[in-house]
Each structure stands twice: as structure tokens, then as C-alpha cells.
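Participant:
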Amino acid sequence: MAVQKPEELSKIDYKPPKTSWMDTPAELRKDMFCWGNKEKSLKTVGFPNARAWSVADEDWKLPENWKEIFLEGLKERLSKYRSFQLFMDICVRCGACADKCHFFIGGGDPKNMPVLRAELLRSIYRNYFTTSGKMLGKVAGARELTYNVLKELWYYAYQCTECRRCSLFCPYGIDTAEVTILVRELLNLLGLNIEWIAGPVANCWRTGNHMGLLPHTLRDTVDSFQADLETITGVKVDYSFNRKGAEILFVNPSGEFFDPVGNITFMGYMLLFHEIGLDVTLSTYVSEGGNFGFFTSNEMAKRLHSKVYAEAKRLKVKWIIGGECGHMWRVWHQYHNTWYGPVDFLKEPVSPITGTKFENAKSNKIVHICEFTADLIKHGKIKLDPSRNDNYKVTLHDSCNVSRGMGMLEEPRDIIKSVCNNFYEMPPNTIRENTFCCGSGSGLNASENMELRMRGGLPRANAVNYVRDKFGVNTLANICQIDRAALQALMNYWAPDVVVRGVHELVGNALVLKGEKERTTDLRGEPLPGKEAK
Amino acid sequence: MSFGLSLWLSFFAVAVLVLVALFGVEAAHLNYLFGVIIPYAAFAIFIVGIIYRFLKWAARPVPFRIPTTAGQGKSLPWIKQNKIDNPSTALGAFVRMIFEVLLFRSLFRNTRTELRGPILSYASAKWLWIAALAFHYSFLIILIRHLRLFIEPVPFLVKTVEKLDSFFQIHLLGAPLLYITNVALLAAVTYLLLRRVVIPTLRYISLPADYFPLFLILSIGITGALMRYFYKVNVVGIKELAMGLINFSPKIPEGIGVLFYIHLFLVSTLFAYFPFSKLTHMVGVFLSPTRNLANNNRAVRHVNPWNYPVKVHTYEEYEDEFREFMKDAGIPVEKE
């Protein structure tokens, strides 16, 4: 990792440059941006202007009429989204959002203040679509769309994780995520994406998951989990892929098949489903709940996510449970039903174990695994031994999307408090709806932009350090696969000795299975409390 | 545009407005223009402009239900929902909007981030919220008080507001009773202006469109206060003019004083400028989809009027590509 030492990185200068922002061209700094997309990735999904290009090159090989394409696209979106038109018009630049963004807090680049990030586009909007901007130019805060301005837009659209923390503080609810989402759409019209997003999108299109895992690989992977679980618990857990007539389809982020931290979370689900005898199937065709299409364009998001319902229909399941993932839940909670519904081919979800009706999901028929598990625990349907997690002092990182795009705050807490004896909250300004992003969301969890990630994750890491020093917290629980993949690197950098774990990893540890052998290790193979080798 | 230029340009723009009115009335005697024609025109622009803006926004579809959720959502029966910050019904969203519009709830959340060494802290920062409330409510009350010029007899509501507004019974150097809102408005606007000048990040994001309305409103406040407390103007004449305007039989009484014309011209400018500026947030806030929608898209489907079918990679295409792998791995297939 080419990033400087934490002591150096945490010296942050918040003073803006002397020259005004319009007169300060963006410097596209290495370690802060992700590599541009490959030609193949965009071609796979039929995106326009697909070509190989490099961010560092002077020439981005734009189509000749790039300006026209961009402005036409902008015009179209202004007419299709009230949010967008409104957010272009009503900002008063009060600055309440300025120091709420993790990238600004951790980096000090004024163009990462949400207000200015949006002004980058607003200035263009004013120049081409408002009378005052056309007449008064700079005096009205307008500027022309030039090659450099386009590069600046690209640079900062991929320095926003669409976490919506700024929108919480905005007196008019201006949502930078909405602006970033649409700027990225516009950039995609010009074939300007990043490979870390475009690659997974292409993979997901073809293989059903971001990782590009083929059916037999998925089978091998889950088989290996099965074997590991048998070693640890003495119980052989069942599972199935693409099984028609199952009651429930389970969809999770594919990172859980790939990333070592995610693996363990997935093993937690497996134990749980086995123990309660849930009639559930996985699908190889829909081996992805996450949706990097959402970081590309709303249309691409819909193209990928439509597969979930299509597969539910084909397999004739009754309803769907979704795993631990952040943006996947924003998509499911706020978008998917609108794209695909009415979902009249599925049944209103009812837990077969407790009989609880999930009223809040009666239309889209998708239940969050934490809602499902919290309900099981409330009804005492599973036996738990929280002392198995006694080596862990746990805090919970709320995922941005789940907190500010859904509002699921208590369920994971209820679960953690039932499966762990030691739970400590981070300071109130850093959790729940105020939660700070991991710094790597919205498809920015690449390795070439590590400085950006470490900077963006500073506020989160700082809050973890607080509870680590105060209570000895050593476990950062979360319900998001990007978190699991990204936070461990962040902890290693800012808060060493803190281990990142999915909530259902903790569930899996505490869950007492019927007929299990005496467990000596947790799901990672580390000794349980009191079972350490003498 | 540099900070200095933005600031001074806005200042001089307002200064020019003052001079235009001063010379227009004192030297050119265009009393009818400044007393009747411009106010009518400005008010017409305001009404038409605001309606146009509202309709333009309202005509835009709301494709997705995207509330920013700021508390626990409706979930399992035993989990307590935050019904205001994460409403699941239209009524809840209405209540959320009331809190937003009348009490500036989101601004109330404001904190100030500070970095000391490697430690971040988030201090409470309510001054912006206080100033914003003071500014907007003072403005509203002052507007209500001005109704006394347009209605005869003066309505009870206006008289009550005046009484409350002068609650402290302060006479400034023998001048008429001091209105609390006059002080509050001037103090709040001054604060809002100073923070833009003093705080480096705010200075960096501020445009002439931010300074201009502040200078304009400050000048309106100052000219108004001057008329009330220091330079007596012919209030009877002003009321005559106001009544004439409202009854569409405008006439210009004698001896109103140029200060009034300056005040009126600045107010007219504010009205005419309003629909073309950020001040339309007054209307826009009601339409904001992150605030005025219930967070219930899993329970009640939100319909996107321009939803269209998209190309999906079908299961059949998937199986055709991977059938052999699937069969080898013992995964069921549709076509053997």
C-alpha cells in the first residue's frame, strides 16, 4: 500500500486554496482515483462509447460530440427526476453539509464538500439551462463544460460513496447521492466508468454475480463451507442450488462466497437455516444480491436486479430472504419494487417458524435476514450461547444505505445483544442515521485508490478507536459485504487489533445446534473462550 | 469568481439600487414609476414567477421513493418506529414536513466537526439553526405587521402581532416602541452574512447569488428601521399609497419622503428577483422527495410513470452458456 503513515495522513488542512474553485483546476491525483474501465466490460452490457482509456492520459478518447451527449443527457434527466431538477435549483449554499462528508473530513479537499461537489454540476446546469446563467455567466455561478471540467466531474463523482450523510443535514433534503448517481449516468453515456464497477457489472450480467463465479465454482465453494462447518460443529448442514418449489429463495452478496470475512458470515446463515429446517434454496443464476449497476445507471441497476424476481418466479418460491449487504438493501427497499412490481406471483412473507407476518415487506416480498433472525430470537425459536462470543467486545457499524435509505437500526442490535455479552456503542454522532461510511462504498473499494479509502474511512475508524480505547472493543460487527471487505483494511491501517465480523458470523458462533459436538472453536477455527490450548 | 469580487459586486449592486431610487425620485421626480409601476410589475413577476417555478417542479415526475430515513423504520411489531423521522404513512410524512418547514429540523441536527491531533469530535452547532429561525420568523412577522398599511380598519391579528412584537416596551432614544423582530432580523442577517465572510470554507462556496440577497434584505431592514425609529416619514401618506395600490386606484400622495421610495424599490427588487434565485427554496422545500415521502416502498409499491422494460440476461441464456458446468456440479437444469 503506497499510502503514507497514519500519523501523516491524519494531518489534514481544511483551508481552501486562495483561488476560487472555478479557477482551480482539479488535479487528478493517483491513489485517489480508480482505474478507468476496460473496453470489454462496457461492451458486455452494450454500453455506448465503449473503449479502452486511461485516467492518467491527457486524451480520454471521448466521442467527438461528447459535449452534446452530456448536455442532452442532462436535459433529459432534469425532466425525468423532480429530485434532480429541484436539487439543481434550491441549494442556498448554507454549508450545513460541508463538514458532514467523510471524504472532506478525512481529506480536506473543498470539492469534497457535498455542496461544492453538487456545484460542480450546478454550474454547468446554470450555464446551459437557466436564463441568468446564460446572460451573466460567472456572476450567476455558471461555467462552461470544458474537457477539464468533465474530468473534474468524473474525479469527484468517483469520490462520493453515495452514503447520503449530507442529505440528513440539508434543510431541503438535497441528496448528493442522487446527484452523484445521475452524474455517473451521464459519464457512462461517454463510456467513462471505472473498472472496479464496470468489471463486476459485466460479470454479474453474464455469470450472475460480481465475482464472476461459475456454477460449479459456487458449488465447490459452498461444499467447502459445508465441510468446514462439519469439522467445527459435527453437524452436516444441507443446502441447495436452483431447487424448484422451495419455499424461500435466499439471495446474498457474492462477496460472501469469495471474501474470507464474508465466507464466515455465509456459514452463519447456513447454520441458522439448517437448525430451523428452513425450506430455502440458493440460485447460481442469482448468486448476487449486490448491484454495482446501481453505481452505473438506474437502468443498469434494473437490468441486473430484475433477475432476482425472474428467478423467484422460475423456481416458484413463495418469497425471498436477502443477506447482509448495504446498497443491495437500498435497491430492494427503495427501487426494486418500483422497477419490477407488482410482485403478485409471490406470497406475502410469513415466517414458517414463528408465524410472524412481515407486514413491512408485504408488497415486494423480500425480507432482510436481520429482520428474520431478530424475529426468531424474539420468539425463542433458536438456542443461543452468547458466552461463545465472550472473547469479542463488539461494536456495530451501521451501513449507510441500511440506515439512511431504509431505517433498519434496531434489528441488528437486537441480534447482537442476544448472541454476545459485550456490546458497546460508538459515539451517537457516528452511528444509526448519523453513521459514517466505510469510505469504500458505491464501488470504490478498489486497491489503487487506497489513500482515498483510508481518508474516507477516517471518521469511522476514529469512532472505533474511541470504543477500542475506552471499552477494549476488538470486534467491529456490520451487516454489509462491502464493509466486510473494506473495513478490515481500514482497521489494519487506523485501528489495529480490531477484527471485522458480519452479524451472522456472531450468530453462527452462538447458535447451539441440535446434535452438535462440543465446539472448541468459533467459525474461523479460533479457540472458543476457555478452550484455548493449555 | 474570487471571494472579494463576489462580495463587492453584490454590495455595489445593492448600492446602485439605492442610488437609482434616490435619483429617480429626488432628481427625476419619477414618483409614479417608483411608487406604482415598479411595485406592480415586481409583484406580478413574483406571483407569475413563483407559480411557474412551482408548476415546473411539480410537472417533473418522482420516479422513485427515496426518503432519507433518519430513524428506525416500521418493522417488526415490537420494534419501536420513529414515526416522524422515518414515516411509513402519508400522515407521518406530513408531520415530518411540518417539523422541517416550521422548525428546520434537519438544520437542528447540525454539528461542527473538529480535528484535534488525530481525534475527531462533533460539537453541537446550533447557531445557524437559531439564526435561520430568527431570520425567517422575523421576516414573516414583519410582513404581517406591514398588512396594517393595506387593510382598514387594521385587523385584530396585526394589532396583536404588533403588541407581542413590542412586548419589552423599549423606547430607543425617544423613538417609537422597538420591535423585537427588527433587531432579530438585522442581527440574523448580519450573522448569516458574516459567517460567509469569516468561515473559510463558506467563503469558498459562496457566490454573488448568496451575498446579493443578504445585502438586499439587510438594506431593506435598515431603511425600514430608519423610517420607523429615526427619520419620520409620512405614514398617513404611505398608507394612502398602499391602499391605492391594493384597490387598483393608485395615486401618489405628497411628502412621503425619498427614504420610503428607496425601501419600496429594494422590496420590489427582492420580489422580482425571488423567482429566479435560490430564494425559491421557500417553495421547493415542500416538494423535496427525500423529505415528503413515506418510507414504505416494500409495503406499498411506488409507481414510476416512465418505467420502461429493459434488456435482461435471461435464465435461458445463462443456462445455455453454463449447462454442462451445472450438470457436472449436480445443479438442476431446465433442458438436459
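First to last, the sequence lines map onto chains Y and W.
Quick note on the numbering used here: the first sequence kicks off at 2 and runs consecutively.
Quick note on the numbering used here: the second sequence kicks off at 695 and runs consecutively.
Even glycine gets a Cβ: it sits at the ideal position worked out from N, Cα and C.
Using a Cβ-Cβ cutoff of less than 6 angstroms, which residues in the same chain neighbour ILE732 of chain W once the five nearest sequence positions on both sides are dropped?
Facilitator: Non-local beta-carbon contacts of ILE732 of chain W in its own chain, meaning distances under 6 angstroms to residues more than five positions away in sequence, involve SER962 in chain order.
Participant: Examine chain Y for any beta-carbon lying closer than 8 angstroms to the beta-carbon of GLU1030 of chain W, and answer yes or no.
Facilitator: no
Participant: Rounded to whole angstroms, what is the Cα-Cα separation between LEU738 of chain W and ILE946 of chain W?
Facilitator: The sequence shown places Ala at residue 738 of chain W, not Leu. Distance between the alpha carbons of ALA738 of chain W and ILE946 of chain W is about 20 angstroms.
Participant: So, at 6 angstroms on beta carbons, what are the nonlocal neighbours of LYS44 of chain Y in its own chain, with the 5 sequence-adjacent residues on each side left out?
Facilitator: Once the five neighbours on either side are set aside, the close Cβ partners of LYS44 of chain Y are ALA51.
Participant: According to DSSP, what are the bridge partners of ALA817 of chain W?
Facilitator: W:ARG806
Participant: Measuring straight from C-alpha to C-alpha, what distance separates ALA869 of chain W and PHE924 of chain W?
Facilitator: Each residue's Cα considered, the two are about 7 angstroms apart.
Participant: What are the residues of the stretch 407 to 428 of chain Y that lie near chain W, defined by any Cβ-Cβ distance shorter than 8 angstroms?
Facilitator: So the list reads MET407, GLY408, MET409, LEU410, GLU411, GLU412, ASP415 and PRO428, given in the order they occur along the chain.
Participant: Quick one: using the 10 Å Cβ neighbour count with 16 as the cut-off for buried, is LEU851 of chain W buried or exposed?
Facilitator: That one is exposed.
Participant: Distance, Cα to Cα, LEU770 of chain W vs ARG485 of chain Y?
Facilitator: 26 angstroms
Participant: When you check each C-beta in the stretch 966 to 987 of chain W against every C-beta of chain Y, which residues fall closer than 7 angstroms?
Facilitator: PHE970, LYS972, THR974, HIS975, GLY978, VAL979, LEU981, SER982, PRO983, THR984 and ARG985
Participant: Looking only at DSSP bridge pairs, what is ALA541 of chain Y linked to?
Facilitator: The requested residue 541 of chain Y is not part of the displayed model; chain Y covers only 2 to 535.
Participant: Going residue by residue through the stretch 191 to 248 of chain Y, where are the continuous beta strand (DSSP E) segments of at least 3 residues, counting only ones entirely within it?
Facilitator: Within the stretch 191 to 248 of chain Y, no complete beta strand (DSSP E) run reaches 3 residues.
Participant: Determine which residues of the stretch 763 to 789 of chain W have a Cβ less than 9 angstroms from any Cβ of chain Y, and write them out in chain order.
Facilitator: THR763, ALA764, GLY765, GLN766, GLY767, LYS768, SER769, LEU770, PRO771, TRP772, ILE773, LYS774, GLN775, ASN776, ASP779, ASN780 and SER782
Participant: Using a Cβ-Cβ cutoff of 8 angstroms, what residues of the stretch 242 to 253 of chain Y are near chain W? List them in chain order.
Facilitator: Cβ proximity to chain W below 8 angstroms picks out PHE242, ASN243, ARG244 and LYS245 from the stretch 242 to 253 of chain Y.
Participant: Starting from PRO528 of chain Y, follow its DSSP beta bridges and name the residues at the other end.
Facilitator: Y:THR522
Participant: So, are the CB atoms of THR974 of chain W and ARG754 of chain W less than 8 angstroms apart?
Facilitator: no
Participant: Quick one: Cα of PRO18 of chain Y to Cα of PRO26 of chain Y, how far?
Facilitator: Straight-line Cα distance between these residues: approximately 11 angstroms.
Participant: If I measure Cβ to Cβ from VAL508 of chain Y and keep anything under 7 angstroms in the same chain, skipping five residues before and after, which residues do I get?
Facilitator: Within the same chain, VAL508 of chain Y has close Cβ partners GLY269, LEU273, THR374, ILE416 and VAL420.
Participant: Given a limit of 7 angstroms on CB to CB distance, which residues of the stretch 894 to 907 of chain W reach chain Y?
Facilitator: PRO894, THR895, LEU896, TYR898, ILE899, SER900, LEU901, PRO902, ALA903 and ASP904
Participant: Any idea what DSSP makes of THR25 of chain Y, helix, strand or coil?
Facilitator: coil
Participant: How do the stretch 514 to 529 of chain Y and the stretch 284 to 291 of chain Y stand: do at least 3 beta-carbon pairs fall below 8 angstroms, yes or no?
Facilitator: no
Participant: Considering Cα atoms alone, identify which of Y:TYR157, Y:ILE125, Y:CYS161 and Y:THR131 is closest to ARG144 of chain Y.
Facilitator: Y:ILE125
Participant: ARG810 of chain W versus chain Y: which residues are under 9 angstroms apart at the beta carbon?
Facilitator: Neighbours of ARG810 of chain W in chain Y, taken as residues whose beta carbon is under 9 angstroms from its own, are absent, since the nearest beta carbon is some 11 angstroms off.
Participant: Pull out every residue of the stretch 60 to 86 of chain Y whose Cβ sits closer than 9 angstroms to any Cβ of chain W, in chain order.
Facilitator: LEU79, SER80, LYS81, TYR82, ARG83, SER84, PHE85 and GLN86
Participant: Using the Cα positions of PRO115 of chain Y and ASP90 of chain Y, report the straight-line distance between them to the nearest angstrom.
Facilitator: 15 angstroms
Participant: At 4 residues or longer, what runs of the alpha helix (DSSP H) sit wholly inside the stretch 110 to 155 of chain Y?
Facilitator: Contiguous alpha helix (DSSP H) elements confined to the stretch 110 to 155 of chain Y occur at 115 to 130 and 132 to 137, taking only those with 4 or more residues.
Participant: With burial defined as no fewer than 16 other Cβ atoms inside 10 Å of the residue's Cβ, what is the status of GLY531 of chain Y: buried or exposed?
Facilitator: exposed
Participant: Answer yes or no: do PHE472 of chain Y and LYS394 of chain Y have a C-beta to C-beta separation smaller than 8 angstroms?
Facilitator: yes
Participant: Enumerate in chain order the residues of its own chain whose CB-to-CB distance from LYS62 of chain Y is below 6 angstroms, with the five nearest sequence positions on each side excluded.
Facilitator: ARG52 and TRP54
Participant: Is THR762 of chain W helix, strand or coil by DSSP?
Facilitator: The answer is coil: DSSP assigns THR762 of chain W none of H, G, I, E or B.
Participant: Roughly how many whole angstroms lie between the Cα atoms of LEU79 of chain Y and ASP391 of chain Y?
Facilitator: 54 angstroms
Participant: Could you work out which residues of chain Y lie near PHE829 of chain W, taking near to mean beta carbons separated by less than 7 angstroms?
Facilitator: Result: empty, since nearest Cβ-Cβ is about 11 angstroms, beyond 7 angstroms.
Participant: If the cut is a Cβ gap below 7 angstroms, which residues of chain Y does LEU807 of chain W touch?
Facilitator: Sequence inspection shows Thr at residue 807 of chain W; the Leu mentioned does not correspond to that position. Result: ASP100 and ILE106.
Participant: For the alpha helix (DSSP H) containing ILE320 of chain Y, list its first residue and its last residue.
Facilitator: It should be noted that the sequence gives Trp, not Ile, for residue 320 of chain Y. Here TRP320 of chain Y belongs to no alpha helix (DSSP H); instead the beta strand (DSSP E) covers 320 to 323.
Participant: For CYS421 of chain Y, is the beta carbon positioned less than 7 angstroms from some heavy atom of the ligand ATP?
Facilitator: As presented, the structure is devoid of all ligands, the ligand ATP included, so that no description of it is given.
Participant: Going by the CB atoms, is the gap between ILE773 of chain W and GLU411 of chain Y shorter than 8 angstroms?
Facilitator: yes
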